[in-house]
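Beneath this line is the structure, given in structure tokens, with notes to follow.
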Amino acid sequence: MDIVLVHPEIPHNSGCAGRLSAALGLPLHLVEPLGFSLEDRYLKRAGLDYWPMVDLRVHADLDACWS
């Protein structure tokens, strides 16, 4: 099972999905465009200290995600 967020705009929702992904060991797929930055300094400021444990995969579009 994988978690897929298509065009996520709200960082908090993506953070919650990331926490679930880390806790359950499931890959988290984010399909661009994203409504927020994935740069380390923004994630640290948001308190996402579990983010390094997330198996994160970013895709340019939904077709790329499915392949």
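Sequential numbering from 5 applies to the sequence shown in this note's numbering. We put the CB at the ideal spot given by N, CA and C, even for glycine.
When the Cα atoms are used, what is the spatial distance from residue i to residue j?
{"i": "residue 29", "j": "residue 53", "result": "16 Å"}
{"i": "residue 9", "j": "residue 63", "result": "10 Å"}
{"i": "residue 45", "j": "residue 71", "result": "31 Å"}
{"i": "residue 21", "j": "residue 7", "result": "7 Å"}
Considering residue i, what are the terminal residues of the beta strand (DSSP E) in which it resides?
{"i": "residue 32", "result": "32-35"}
{"i": "residue 60", "result": "60-63"}
Since residue i sits in a beta bridge, which residues does DSSP pair it with?
{"i": "residue 9", "result": "34"}
Give the C-beta separation of residue i and residue j to the nearest angstrom, bearing in mind that I take them to be a contact with Cβ-Cβ under 8 Å.
{"i": "residue 66", "j": "residue 34", "result": "Not confirmed; about 11 Å, so no contact."}
{"i": "residue 37", "j": "residue 11", "result": "6 Å"}
{"i": "residue 32", "j": "residue 41", "result": "Incorrect: roughly 16 Å between the Cβ atoms, too far for contact."}
Give the secondary structure of residue i by DSSP, where H, G and I count as helix, E and B as strand, and everything else as coil.
{"i": "residue 18", "result": "helix"}
{"i": "residue 52", "result": "coil"}
Specify, as a first and last residue, the run of the alpha helix (DSSP H) that residue i falls within.
{"i": "residue 70", "result": "66-70"}
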